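Novice: Residue numbers (my numbering): 102 to 469.
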């Protein structure tokens, strides 16, 4: 006689693929993002609905990634990296130019290959070091540096400094976790500092202007400095408790540029104040802590490197965006994770979160 199964018993195997703590944190951040987007995009009809569709797609991608065993992910590392670099070369040769940047290519649909590298890079490097576990030396680190520099060179050339920074952070975190000596890291930092004049000479004019604007935005208050000045005014005017939801004057009087995407944190800060910012920071820190916990408990060298790198990506996203909006770092066009309007970055981050969940889920399966 067939045993009766409750609806929960039927769907439980499909729901429990999500890591509970991580899923709750993501849900809370996305909820805060939708509430803020409603206010920030009140003059842009349809944005909330579009973002809700993006969230549905992101959760589907997250679920698929969480269901995929890490061993399968490892087999995809080399093909995904190869496809990503090939598409970057194609972009450099005949990519689509928008607003002075060549970042997109039409392959039946318009895609931005540099977004793929945010996941492909840590996958590739984690696979590479896994194959050489126990025998990692100078040669391996040099090869890894070459694998990292190759796509970053194409991304910087587009130019897309924000994405290049994120891919660099993802790759460097894998190399560091693989056992790179602190002396080498300190030496690299000193060398980078010494090469700043050369870097400055080879920067694009708009990149130099961003750095100079960061130092003193009042030199061009109605031009290059407008973004930073208006966003910092919004952040500061929120005070302790904020002006209240839908009551942000900087946003609704259209002083904050890109207020639904890169500068959504300025809208949030103005309306919810220091208390709201602290709550949001706690949510991001909890995500970071959970990611590090998953990395520390991962069963293999590959999964430890991959989980640590993906967690670093989330941290870099949040730090750079909040620093950019607050006037601490130059404006580089990095969205706020899980909050900024847009589908590409959201799906990429959801894929990363799904990989973290896969690592945690399959660790439990191995232990049981």
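Think of the CB as a built atom: it goes at the ideal place given N, C-alpha and C, for glycine as much as any other residue.
All of these numbers come straight from a predicted model, not from anything done at the bench.
Mapping DSSP to helix, strand and coil, what is residue 206?
Specialist: Walking along the chain shown from the start, residue 206 turns up at place 105. Here residue 206 sits in strand by DSSP.
Novice: Is residue 197 helix, strand or coil when you go by DSSP?
Specialist: For the purposes of this step, residue 197 is identified with residue 96 of the chain shown, where counting begins at 1. Three-state DSSP puts residue 197 in a strand.
Novice: Just checking my contact of residue 392 with residue 366 at CB under 8 Å: how many whole Å lie between their CB atoms?
Specialist: Locating residue 392 in the chain shown gives position 291, where the first residue counts as 1. Locating residue 366 in the chain shown gives position 265, where the first residue counts as 1. So it is not a contact: roughly 21 Å between Cβ atoms.
Novice: Contact check, residue 202 vs residue 259 under 8 Å by CB: the rounded distance?
Specialist: For the purposes of this step, residue 202 is taken as residue 101 along the chain shown, with counting starting at 1. For the purposes of this step, residue 259 is taken as residue 158 along the chain shown, with counting starting at 1. So it is a contact: roughly 6 Å between Cβ atoms.
Novice: Please report how far the alpha carbon of residue 425 lies from the alpha carbon of residue 328, in whole angstroms.
Specialist: Looking up residue 425 in the chain shown gives position 324. Looking up residue 328 in the chain shown gives position 227. Rounded to the nearest angstrom, the two C-alpha atoms are 10 Å apart.
Novice: Going by C-alpha to C-alpha distance, which of 204, 235, 423 and 363 sits closest to residue 191?
Specialist: Within the chain shown, numbered from 1, the residue matching residue 191 stands at position 90. Taking only the C-alpha atoms, the option nearest residue 191 is 204.
Novice: Along the chain, where does the alpha helix (DSSP H) containing residue 350 start, and where does it finish?
Specialist: In the chain shown, residue 350 corresponds to position 249, counting from 1. Segment 350-353, the alpha helix (DSSP H) holding residue 350.
Novice: If you compare alpha carbons, which of 156, 148 and 147 is closest to residue 132?
Specialist: To locate residue 132, count along the chain shown from 1; it is residue 31. Among 156, 148 and 147, the Cα nearest to that of residue 132 is on 156.
Novice: Checking the sheet assignment: what are the DSSP bridge partners for residue 212?
Specialist: On the chain shown, position 111 is the one that residue 212 refers to. Answer is 206.
Novice: With respect to the alpha helix (DSSP H) encompassing residue 120, which residues constitute its N-terminal and C-terminal limits?
Specialist: Along the chain shown, one-based indexing puts residue 120 at 19. Taken as a continuous stretch (DSSP letters only), residue 120 belongs to no alpha helix (DSSP H), as it is neither H nor E.
Novice: Tell me where the alpha helix (DSSP H) around residue 156 begins and ends.
Specialist: Position 55 of the chain shown, counting from 1, holds the residue named residue 156. First-last of the alpha helix (DSSP H) with residue 156: 148-168.
Novice: Am I right that residue 437 and residue 422 are in contact with their C-beta atoms under 8 Å? What's the rounded C-beta distance?
Specialist: Along the chain shown, one-based indexing puts residue 437 at 336. Along the chain shown, one-based indexing puts residue 422 at 321. Sure, about 4 Å apart at Cβ, within 8 Å.
Novice: Suppose you measure from the CA of residue 196 to the CA of residue 207; what does that come to, to the nearest Å?
Specialist: In the chain shown, counting from the first residue as 1, residue 196 sits at position 95. In the chain shown, counting from the first residue as 1, residue 207 sits at position 106. When rounded, the distance between both Cα atoms is 8 Å.
Novice: Please report how far the alpha carbon of residue 292 lies from the alpha carbon of residue 272, in whole angstroms.
Specialist: The residue given as residue 292 occupies position 191 in the chain shown. The residue given as residue 272 occupies position 171 in the chain shown. Approximately 19 Å between the Cα atoms of the pair.
Novice: Measure the C-alpha to C-alpha separation of residue 458 and residue 232 and round it to an integer number of angstroms.
Specialist: Counting from one through the chain shown, the residue named residue 458 turns up at place 357. Counting from one through the chain shown, the residue named residue 232 turns up at place 131. Rounded to whole angstroms, residue 458 to residue 232 spans 23 Å at the Cα level.
Novice: Would you check if the segment 261-277 and the segment 220-238 touch, i.e. whether three or more CB-CB distances between them fall below 8 Å?
Specialist: Yes, since at least three Cβ pairs between the segment 220-238 and the segment 261-277 fall closer than 8 Å, the two stretches touch.
Novice: Quick check on residue 234: buried or exposed, where buried means 16 or more other Cβ atoms within 10 Å of its Cβ?
Specialist: Locating residue 234 in the chain shown gives position 133, where the first residue counts as 1. Per the 10 Å Cβ criterion, exposed.
Novice: Which whole-angstrom value is the C-beta distance of residue 374 and residue 349, which I expect to be below 8 Å?
Specialist: Within the chain shown, residue 374 is the residue found at index 273, counting from 1. Within the chain shown, residue 349 is the residue found at index 248, counting from 1. Not really, about 11 Å apart at Cβ, beyond 8 Å.
Novice: Among 332, 162 and 372, which has the Cα closest to the Cα of residue 345?
Specialist: Locating residue 345 in the chain shown gives position 244, where the first residue counts as 1. Selected option, being the one with the closest Cα: 372.
Novice: Using C-beta distances below 6 Å, list every residue in its chain close to residue 228, excluding the 5 sequence neighbours before and after it, in chain order.
Specialist: On the chain shown, residue 228 is found 127 positions in, with the first residue counted as 1. So the qualifying residues of the chain are 175 and 178.
Novice: Using C-beta distances below 7 Å, list every residue in its chain close to residue 440, excluding the 5 sequence neighbours before and after it, in chain order.
Specialist: Position 339 of the chain shown, counting from 1, holds the residue named residue 440. Excluding residues within five positions, the ones whose Cβ falls inside 7 Å are 130, 133, 134, 137 and 365.
Novice: Output yes or no for whether 8 Å exceeds the beta carbon distance between residue 455 and residue 124.
Specialist: Stepping through the chain shown from its first residue, residue 455 is reached at position 354. Stepping through the chain shown from its first residue, residue 124 is reached at position 23. Contact: no.
Novice: Counting only the same chain and skipping the five closest in sequence on each side, list residues whose C-beta sits under 7 Å from that of residue 127.
Specialist: Reading the chain shown from its first residue, position 26 is the one you call residue 127. Here the set comprises 439 and 454.
Novice: Any idea if residue 370 is buried or exposed, counting beta-carbon neighbours within 10 angstroms, 16 or more meaning buried?
Specialist: Here residue 370 refers to the residue found at position 269 when the chain shown is read from its first residue. That one is buried.
Novice: Entirely within the segment 372-435 and at least 3 residues each: give me those beta strand (DSSP E) ranges in chain order.
Specialist: With a minimum length of 3 residues, no continuous beta strand (DSSP E) run stays inside the segment 372-435.
Novice: Whole angstroms is fine: what's the gap from residue 412's alpha carbon to residue 419's?
Specialist: Here residue 412 corresponds to residue number 311 of the chain shown, with the count starting at 1. Here residue 419 corresponds to residue number 318 of the chain shown, with the count starting at 1. Rounded to whole angstroms, residue 412 to residue 419 spans 11 Å at the Cα level.
Novice: Can you tell me whether DSSP reads residue 310 as helix, strand or coil?
Specialist: Position 209 of the chain shown, counted from the first residue, corresponds to residue 310. DSSP places residue 310 in helix when its eight states are reduced to three.
Novice: Pull up the distance between the alpha-carbon of residue 230 and that of residue 245, whole angstroms please.
Specialist: Here residue 230 corresponds to residue number 129 of the chain shown, with the count starting at 1. Here residue 245 corresponds to residue number 144 of the chain shown, with the count starting at 1. Cα to Cα, the separation comes out at about 8 Å.
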